[in-house]
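**Student:** Attaching a single structure in structure tokens format; questions to follow.
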Amino acid sequence: MNTFFMAFWLASWLGLGAIHPMPKYGVKVTRDKTTDFTRLKTYSWTTGWSVYDKEVDQQIVAAVDRGLAAAGLTKLDHDTGDVIVRYASLRRTDVDLHSKISPVTQMRREYDVGTLVVLLLDPGNEQELWRGRADMPLAADRSALFAQVDRAISKMFSKYPSHRRR
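All residue numbers for the sequence shown refer to the numbering used here, where the first residue is 28 and numbers rise by one.
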């Protein structure tokens with residue numbers, strides 16, 4: 028009987044890896060299949076869930092502006108463009124379930140992770156037309172973080188439909 032319970036417990040414990048896999052980091056892009064992206068020429072910004080740090084916020088907005096310009100869109104400051112742009116960010120702490128438990132803290136390794144979502148919305152009904160999402164462990168160094176943000180947004184817009192360089 029004890030052998031049965033031990034085998035059941037071991038099988039259950041080994042199965043937890045399948046139930047709770049490590050998070051996937053990287054960039055993912057989705058788009059509305061019915062939208063003709065070649066007809067989109069202009070964009071304007073609206074508010075979202077911005078990062079608290081103003082320097083990082085400015086870095087994100089500038090990187091998105093560069094990505095949209097590379098895709099052939101022109102920014103409008105006062106009028107509503109063909110699309111509305113919004114970004115949202117989230118910061119969380121992930122735990123490395125495969126790391127050893129520290130004898131000092133009795134905890135596993137933790138690290139900061141950021142999620143950045145850039146949305147292009149229809150100005151009439153705010154229907155989502157395009158979404159770029161980046162999930163990544165965050166660099167501790169500020170300049171490395173800025174480079175990380177630039178790379179993630181650049182990768183998002185490299186997947187923009189009808190992508191064209193000026």
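From the three backbone atoms N, C-alpha and C, an ideal C-beta is built for every residue, glycine too.
Going by CA-CA distance only, name the one from Asp106, Gly141 and Leu124 that's closest to Arg118.
**Tutor:** Out of Asp106, Gly141 and Leu124, Gly141 has the C-alpha closest to the C-alpha of Arg118.
**Student:** Where Ala45 and Glu137 are concerned, what is the direct C-alpha to C-alpha distance, given to the nearest angstrom?
**Tutor:** Model confidence at Ala45 stands at a pLDDT of 44, short of 50, so the residue's coordinates are unreliable; what they give is reported in the following sentence. About 21 Å.
**Student:** Please work out which residues of its chain come closer than 6 Å, Cβ to Cβ, to Asp162, disregarding the five sequence neighbours upstream and downstream, and give them in chain order.
**Tutor:** These residues qualify, in order along the chain: Tyr52 and Thr142.
**Student:** Report the partner residues of Ile111 according to the DSSP bridge assignment.
**Tutor:** BP columns for Ile111 point to Ser71 and Leu148.
**Student:** Find out if the Cβ-Cβ distance for the pair Gly151, Val54 is shorter than 8 Å.
**Tutor:** Their beta carbons are not under 8 Å apart, which means Gly151 does not touch Val54 by this criterion.
**Student:** I need the straight-line Cα distance from Ser71 to Ser116, nearest angstrom please.
**Tutor:** Going by the C-alpha atoms only, they are around 19 Å apart.
**Student:** Any idea which residues DSSP pairs Glu137 with across the strands?
**Tutor:** Answer is Val122.
**Student:** Determine the direct distance from the alpha carbon of Leu147 to that of Tyr114, and round the result to whole angstroms.
**Tutor:** Roughly 9 Å between the two C-alpha positions.
**Student:** Is the separation between the beta-carbon of Ala90 and that of Val176 shorter than 8 Å?
**Tutor:** Going by C-beta atoms, Ala90 is nearer than 8 Å to Val176.
**Student:** According to the Cβ coordinates, are Thr65 and Ser189 closer than 8 Å?
**Tutor:** Yes. Within cutoff.
**Student:** For Tyr187, is the classification buried or exposed, using 16 other Cβ atoms within 10 angstroms of its Cβ as the cut-off for buried?
**Tutor:** Counting Cβ neighbours within 10 Å, Tyr187 comes out buried, since at least 16 surround it.
**Student:** Along the chain, where does the alpha helix (DSSP H) containing Asp177 start, and where does it finish?
**Tutor:** Arg169 to Phe184 is the span of the alpha helix (DSSP H), which, as asked, contains Asp177.
**Student:** Using only CA atoms, which one of Phe173, Glu155, Met134 and Thr62 lies nearest to Ile87?
**Tutor:** Cα-wise, what sits closest to Ile87 is Phe173.
**Student:** Whole-angstrom Cβ separation of Asp59 and Glu155, contact assumed at under 8 Å?
**Tutor:** Going by Cβ atoms, the distance from Asp59 to Glu155 rounds to 7 Å, so yes, they are a contact pair.
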